[in-house]
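Enquirer: Residue numbers (the working numbering): 3 to 312. All C-beta atoms, glycine included, are put in the ideal place defined by N, C-alpha and C. Keep in mind it's a predicted model, so treat the numbers as computed, not measured. One structure follows; several queries about it will come next.
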């Protein structure tokens, strides 16, 4: 195998962790008809990367077959639009994770993202490396990224150690999605010899992260309010930190309005329904469903703060 060509990963910038649309039927079946137009919408907003089956996509509430179908439909859309496709394969039993990794490689996904084992959690760095190495073996020709999201997984292994050791042991490990507010740890990862590609996964600390050298983001708000983030990166690159901070404060204001009455994914999905012409339906159990009053309150407050066109 030629590892030089195989795990080339050139994407940098902004990647949207896409929502999964559910129909309004008893089982909340997946609605994939929305995907081509959704992909076009993101492209028009300046989003050239797509993460499928992540947290925002509620993949952990979906069957493996549903996740594969979503991956296939997004693969078609991304090829058409020349958007970079990353598929999250973790959060299931290991045999299913391996099957989804094989499937992602068969679709020629640009990258795979993988959560840690969620029940038999790794407590030592080497355990996590072994797990990701096993998954990478099912898709040896595809760059793999680790999904570090301790607030959901309670896996708190130090990422500097993991990447330093992991990138020597796993041929196609290219980096991680870093969903943590510990910017000291994140910045230290950027300074490692093998220069892992680190996607920031936290919407409210982008300005600081960009100043520290982060150049790529996977953030839920890129789905419906991408401009502050994109402008923020430009301002930081131009050395205009006061404008970057202004963008961050605007984005954080939106996040606070959106998330005040429920969990992250539930409220963000509602915001997506309010702020775009798409209908993604309601989240699946066990996520909370907002009341009509809460939805109306969110819409009113977003309008008052200037986030809605009319």
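With DSSP as the reference, label residue 111 as helix, strand or coil.
Expert: The residue labelled residue 111 in the question sits at position 109 within the chain shown. Three-state result, residue 111: coil.
Enquirer: Going by beta carbon distance, what residues of the same chain come within less than 8 Å of residue 7, once the five residues before and after it are set aside?
Expert: Counting from 1 along the chain shown, the entry for residue 7 is found at position 5. With a pLDDT of 48 at residue 7, under the threshold of 50, the modelled position of that residue is not reliable, and the figure given next carries that caveat. Around residue 7: no qualifying Cβ.
Enquirer: In the DSSP output, which residue or residues are listed as bridge partners for residue 18?
Expert: For this step, residue 18 is matched to residue 16 along the chain shown. Paired residue(s): 52.
Enquirer: Quick check: what's the CA-CA separation for residue 91 versus residue 231?
Expert: The residue labelled residue 91 in the question sits at position 89 within the chain shown. The residue labelled residue 231 in the question sits at position 229 within the chain shown. Answer to the nearest angstrom: the Cα atoms are 26 Å apart.
Enquirer: According to DSSP, residue 201 sits in a beta bridge with which residue or residues?
Expert: In the chain shown, counting from the first residue as 1, residue 201 sits at position 199. 179, 218, per the DSSP bridge assignment.
Enquirer: Pick helix, strand or coil for residue 194, following the three-state DSSP scheme.
Expert: As a first step, residue 194 must be located in the chain shown, where it is residue number 192. Residue 194: coil per DSSP, three-state reduction.
Enquirer: Should the segment 44-53 be regarded as contacting the segment 76-91, the criterion being three or more beta carbon pairs within less than 8 Å?
Expert: Contact holds: three or more Cβ-Cβ distances are below 8 Å.
Enquirer: Please confirm if residue 268 has its CB atom under 8 Å from at least one CB of chain C.
Expert: In the structure shown, chain C does not exist; there is a single protein chain.
Enquirer: Return the residue from the list 178, 193, 131, 140 that minimises the CA-CA distance to residue 168.
Expert: Residue 168 sits at position 166 when you count from the first residue of the chain shown. It is 131.
Enquirer: Is it buried or exposed, residue 300, if we count other Cβ atoms within 10 angstroms and call 16 or more buried?
Expert: The residue given as residue 300 occupies position 298 in the chain shown. Answer is buried; the Cβ neighbour count reaches 16.
Enquirer: For residue 97, count the other beta carbons within 10 Å of its own beta carbon; 16 or more makes it buried, fewer makes it exposed. Which is it?
Expert: For the purposes of this step, residue 97 is identified with residue 95 of the chain shown, where counting begins at 1. Its Cβ having fewer than 16 others within 10 Å, residue 97 is exposed.
Enquirer: Does DSSP put residue 87 in a helix, in a strand, or in coil?
Expert: Translated into positions along the chain shown, residue 87 becomes position 85. The answer is strand: DSSP assigns residue 87 an E or B state.
Enquirer: Mind the definition here: the segment 170-183 touches the segment 120-138 only if three or more C-beta pairs lie below 8 Å; say whether that holds.
Expert: Yes, the segment 170-183 touches the segment 120-138.
Enquirer: Report the option in 77, 297, 138, 74 whose CA atom is closest to the CA atom of residue 99.
Expert: For this step, residue 99 is matched to residue 97 along the chain shown. Cα-wise, what sits closest to residue 99 is 138.
Enquirer: What does DSSP give as the partner residue(s) for residue 116 in the beta ladder?
Expert: As a first step, residue 116 is located in the chain shown; it is residue number 114 there, counting from the start. 148, per the DSSP bridge assignment.
Enquirer: Helix or strand or just coil, what does DSSP make of residue 164?
Expert: Looking up residue 164 in the chain shown gives position 162. In this structure, residue 164 counts as helix in the three-state DSSP scheme.
Enquirer: Does the distance from the CB of residue 55 to the CB of residue 73 come in under 8 Å?
Expert: In the chain shown, residue 55 corresponds to position 53, counting from 1. In the chain shown, residue 73 corresponds to position 71, counting from 1. Yes, they are a contact pair.
Enquirer: Counting along the chain, where does the alpha helix (DSSP H) carrying residue 32 start and finish?
Expert: Locating residue 32 in the chain shown gives position 30, counting from the first residue. Run containing residue 32: none; DSSP gives neither H nor E here.
Enquirer: Note the first and the last residue of the continuous alpha helix (DSSP H) segment covering residue 128.
Expert: As a working note, residue 128 is residue 126 in the chain shown. Residues 127-139.
Enquirer: With distances taken Cα to Cα, identify the nearest neighbour of residue 101 among 261, 311, 141, 265.
Expert: Here residue 101 refers to the residue found at position 99 of the chain shown. The shortest C-alpha separation from residue 101 is found at 141.
Enquirer: How would you write the range of the alpha helix (DSSP H) that residue 173 sits in, first residue to last?
Expert: For the purposes of this step, residue 173 is identified with residue 171 of the chain shown, where counting begins at 1. Premise fails: residue 173 is in no alpha helix (DSSP H) and is neither H nor E.
Enquirer: So, at 7 Å on beta carbons, what are the nonlocal neighbours of residue 166 in its own chain, with the 5 sequence-adjacent residues on each side left out?
Expert: Counting from 1 along the chain shown, the entry for residue 166 is found at position 164. Result list for residue 166: 194, in chain order.
Enquirer: Can you confirm whether the segment 284-304 touches the segment 261-272 when touching is taken to mean that 3 or more C-beta pairs between the two stretches lie within less than 8 Å?
Expert: Touching, per the Cβ criterion.
Enquirer: Could you give the uninterrupted runs of the alpha helix (DSSP H) lying entirely in the segment 241-272, keeping only those of 4 residues or more?
Expert: Qualifying alpha helix (DSSP H) stretches, in chain order: 243-261.
Enquirer: Are three or more beta carbon pairs between the segment 105-121 and the segment 149-165 nearer than 8 Å?
Expert: The segment 105-121 is in contact with the segment 149-165.
Enquirer: In the DSSP assignment, find the alpha helix (DSSP H) that holds residue 311 and state where it starts and stops.
Expert: Against the chain shown, residue 311 aligns to sequence position 309. Neither: residue 311 is in no alpha helix (DSSP H) and is coded neither H nor E.
Enquirer: Just list the residues that DSSP pairs residue 24 with in beta bridges.
Expert: In the chain shown, counting from the first residue as 1, residue 24 sits at position 22. For residue 24, which the question treats as bridged, DSSP gives the partners 32.
Enquirer: Could you check whether the segment 211-223 touches the segment 28-35, counting it as contact only if at least three pairs of C-beta atoms, one from each stretch, sit closer than 8 Å?
Expert: Cβ pair count under 8 Å is below three, so no.
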